[in-house]
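Our numbering numbers the first residue of the sequence shown as 106 and each following residue consecutively. For reference, the structure is listed below as structure tokens.
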Amino acid sequence: MLTQHDNDLICRTGPGTPMGEYLRRFWIPAVLSREIPEPDCPPVRVKIMSEELVAFRDTNGDVGILDNYCPHRRASLFFGRNEECGLRCVYHGWKFDVNGDCVDMPSEPAESNFKDKVKIKSYPAADWGGYIWVYMGPTELKPELPEVGWAMVPEDHRVVSRRVQENNYVQGIEGGIDSSHVSFLHSGLTPYQRDNPDAPRRRNSGVQPSAMVNDSSPRFIVKETEYGFVYGAQRNSGDDEYYWRITPFMMPFFTIIPGGIGNQDELTYSGHGWVPMDDDNCWMFTYSWNASRPLRPGENHPASDLKLDPRTKRATVNKDNDYGIDREMQKYFNFTGIENGSVQDAGIQESMGAICDRTKEHLGTSDAAIINLRKVFLRGAREIMEGSEPFVPREGSVYRLRSVSLIQDRSITFDETVPRVKNPGHPTLV
Ligand code: FES
Ligand SMILES: [Fe+2]
């Protein structure tokens, strides 16, 4: 559990909050690259950490992220004209470039130099790995772009998506690093199926390695690293082996789901990150990639299969329709009665309330990674409050990582297995 004070400390990320100031020291995914696909295309509005912004791609192909509100009289630049290397406010024609400079002010006399004195808030932006990333922190502290796996492969080797989730971002991340829930929430095995082995199964009903099902109370080990932390779930497999799922948590939002068992260089990996939209909502970004070949249909994260409202990015299966829960399905096919693994996650995370009341929890041994996440976040937020600089990985190369899923002899330890998450030989094809 957390005190109310500490819960607020990690969950609240608006301008001026300690956690908000901490997160602003990282590059943050804002929108998908394909949402602003070509020069002079329509701008996209996006809210990040309670700041309302617009993303656009100018005539040269450069991307910009500006304050949504025009500094003249605060009209929304979402309605702006994206033309000739700038976004022009349609109220009185003031125009701003990707750096936030006012490059035209046709409503003022030609001899006026007022436009040279006006700037709009702008943030550094980068088109990287299928996302438009934004850096909202102090200029002198800007780290390198993270060299995450999906950014290091050609475009047809990855699939990315984003959608809105109606809960605080910490709840999303906690769900993402909670290895224990996979044996339950995403399980296909119900008592009915156990007793009726020939009962039909559905896609996405959660076919897991048998160790996942037979050992539902794994042991968890967590270790802090130069990119955040790594955690392992160890399950019994037969009499002399363990089934390991080892997951890097990449500061400040990202995990890589342990995939299949096999040659790590040839596997497809998927993962997700949760970015604060405001204190009660977050953006769920997903990524799937394969370093050695283009992705095949169906290798994407299940979230990218969801139908979204194009304006709000909210899934059409949502809390208003109880995520499509089907009690017959729950009885005979899967654990939840909810069809898609990502909807199962979103539904259960939203069910905890917009900001989970962590003063009322009872954490167990299976919550080790969650406890560690809070420790890292709280430490960073407190360091901001004290005026010292918190932990931020500065070099992009520390993000060259993948997850590990394997069955091996019980004598091989977690520490011996952890280096396998590093991916130094990742082909740099960008
Ligand atoms: S409000 Fe934007 S130009 Fe006047
Ligand atoms: Fe999940």
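We put the beta carbon where it would ideally sit given N, CA and C, even for glycine.
List the residues that DSSP assigns as beta-bridge partners of residue i.
i	result
LYS224	ASP206
TYR274	Paired residues: none, contrary to the question.
ASP427	Bridge partners of ASP427: none, in fact.
ASP172	LEU158
ILE453	BP columns for ILE453 are empty, so no partner.
LYS247	BP columns for LYS247 are empty, so no partner.
TYR374	TRP394
Got a sec: does ligand 3 put a non-hydrogen atom nearer than 7 Å to the Cβ of residue i?
i	result
GLY191	This structure does not include ligand 3; its bound ligands are ligand 1 and ligand 2.
Where does residue i sit, in a helix, a strand or coil, going by DSSP?
i	result
ASP514	strand
ASN386	strand
ARG340	strand
THR164	coil
TRP199	coil
PHE519	helix
GLY469	coil
GLY191	coil
ASP232	strand
THR464	helix
ILE489	helix
PRO529	coil
PHE184	helix
LYS418	coil
ILE361	strand
LEU400	coil
ARG499	coil
ALA135	strand
VAL287	helix
TYR332	coil
PRO381	strand
LEU413	strand
PHE219	helix
Between residue i and the rest of its own chain, which residues show a CB-CB distance below 8 Å, the 5 nearest in sequence each way excluded?
i	result
ARG117	MET124, GLY125, ASP384
LEU137	GLY235, TYR236, ILE237, VAL265, SER266, ARG267
THR421	LEU411, LYS412, LEU413, ASP414
What residues in its chain sit with their C-beta under 7 Å from that of residue i, if we drop five residues either side in the sequence?
i	result
ARG186	ARG193, VAL195
VAL523	LYS328, VAL335, ILE351
GLU189	THR164
SER502	GLU252
GLU491	none
CYS146	ARG162, ASN187
VAL269	MET382, ASN386, TRP388, THR417, LYS418, ARG419
Would you report the Cα separation of residue i and residue j, rounded to the nearest angstrom?
i	j	result
GLY545	ILE361	The displayed coordinates of the chain run from 106 to 535. Any statement about residue 545 would go beyond what the structure contains.
PRO148	ARG162	7 Å
VAL159	VAL526	36 Å
TYR274	ARG178	32 Å
ASP431	SER292	15 Å
LEU468	PHE183	44 Å
VAL223	SER217	12 Å
SER266	LEU413	11 Å
VAL312	GLN449	Confidence at VAL312 is low in this model, with a pLDDT of 42, below 50, so the placement of that residue should be treated as unreliable; the coordinate-derived value is given next. Whole-angstrom Cα-Cα distance: 15 Å.
ALA473	VAL335	11 Å
TYR240	ASN301	54 Å
ALA230	PRO176	20 Å
MET457	MET106	14 Å
ARG419	PRO363	27 Å
ASN173	ASN204	14 Å
ALA180	SER212	15 Å
GLY166	ASP232	10 Å
GLU331	PHE482	15 Å
ARG404	THR373	Arg is not the amino acid found at residue 404; the sequence shown has Glu there. Looking at the two C-alpha atoms, the distance is approximately 7 Å.
GLY446	LEU478	23 Å
ILE517	ILE282	23 Å
PHE496	GLY242	14 Å
ILE170	ILE453	33 Å
GLU500	MET355	13 Å
ARG307	TYR437	Because ARG307 carries a pLDDT of 48, less than 50, the predicted location of this residue cannot be relied on, and no value is offered for it.
PHE358	THR244	21 Å
Within the same chain, show all residues whose beta-carbon is closer than 6 Å to that of residue i, passing over the 5 residues directly before and after it, in chain order.
i	result
ALA486	LEU114, PRO123, MET124, TYR127
PRO381	THR118, MET154, TYR274, CYS387
GLY442	ILE430, ASP431, ARG432, MET434, GLN435
ASN112	ARG463
LYS200	GLY191, ARG193, VAL208, ASP209
ILE278	TRP379
SER375	ILE362, SER393, HIS406
CYS461	GLN276
GLU271	ASN386, GLU455
LYS220	CYS207, MET210
For chain D, is any of its Cβ atoms less than 8 Å away from the one on residue i?
i	result
GLY281	The structure shown has no chain D; it contains just one protein chain.
### Task
Evaluate contact between the stretch 420-429 and the stretch 390-407, counting only Cβ atoms and requiring at least three cross-stretch pairs below 8 Å.
By the Cβ rule, the stretch 420-429 does not count as touching the stretch 390-407, because fewer than three pairs are nearer than 8 Å.
### Task
Determine contact between the stretch 127-142 and the stretch 246-266, defined as no fewer than three beta-carbon pairs at a distance below 8 Å.
Between the stretch 127-142 and the stretch 246-266 there are three or more inter-stretch CB-CB distances shorter than 8 Å, so the stretches are counted as touching.
### Query
Does the stretch 499-518 touch the stretch 346-356, meaning 3 or more C-beta pairs lie closer than 8 Å?
Because the criterion of three Cβ pairs below 8 Å is met, the stretch 346-356 and the stretch 499-518 touch.
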